[in-house]
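For the sequence shown, the UniProt record's numbering gives the first residue as 1, with consecutive numbering after it. Here a beta-carbon is modelled for each residue, glycine too, at the ideal position from N, C-alpha and C.
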Amino acid sequence: MKSCPGHYYVTVIEDTDKGEIIGSATLACELKFIRGCAKRGRLEDVVVNNEYRGKQLGKLIVSTITLLAKQVGCYKIGLDCKDEMKPFYSSIGYGSEQGNDNTMIIRF
Numbered sequence: 001m002k003s004c005p006g007h008y009y010v011t012v013i014e015d016t017d018k019g020e021i022i023g024s025a026t027l028a029c030e031l032k033f034i035r036g037c038a039k040r041g042r043l044e045d046v047v048v049n050n051e052y053r054g055k056q057l058g059k060l061i062v063s064t065i066t067l068l069a070k071q072v073g074c075y076k077i078g079l080d081c082k083d084e085m086k087p088f089y090s091s092i093g094y095g096s097e098q099g100n101d102n103t104m105i106i107r108f
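#1: Report the option in C81, G95 and L67 whose CA atom is closest to the CA atom of K9.
#2: Look at the alpha carbon of T16 and the alpha carbon of R42, and state the distance between them as a whole number of angstroms.
#3: Relative to the alpha-carbon of Y52, which residue among C81, G78, E20 and G36 has its alpha-carbon at the smallest distance?
#4: Can you give me the start and stop residues for the alpha helix (DSSP H) that V62 sits inside?
#5: Taking the alpha-carbon of R40 as reference, which of K82, K55, G58 and G6 has the nearest alpha-carbon?
#6: Using only the alpha-carbon positions, how far apart do N102 and G36 sit?
#7: Expressed to the nearest angstrom, what Euclidean distance is found between the alpha-carbon atoms of I61 and G23?
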């Protein structure tokens, strides 16, 4: 990641009382040749510690990465997820990509 500045952004949530990371997600950016080298974002590795689930932290971190993707100039952000996670991502504004029900996107 260090060797590719501007391509990977890791966001973490810390429990400052315990000094522990309790959630994280990654924005991976790639340049799409067929779009004139426009930047496309991918949401990856979303995780929240089991002890902290149900506190809207997943929504917070996904919303933060989504906003970050827009701020760094991505024309869209996408993710792959299991069927049971689709309602969660839909509630944040992601929609299924045509032709692939498990790929969800937001276009900016």
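Quick answer:
#1: Sequence check: residue 9 is Tyr here, not Lys. Here the closest residue by C-alpha is L67.
#2: 28 Å
#3: E20
#4: L57 to Q71
#5: G6
#6: 26 Å
#7: 8 Å
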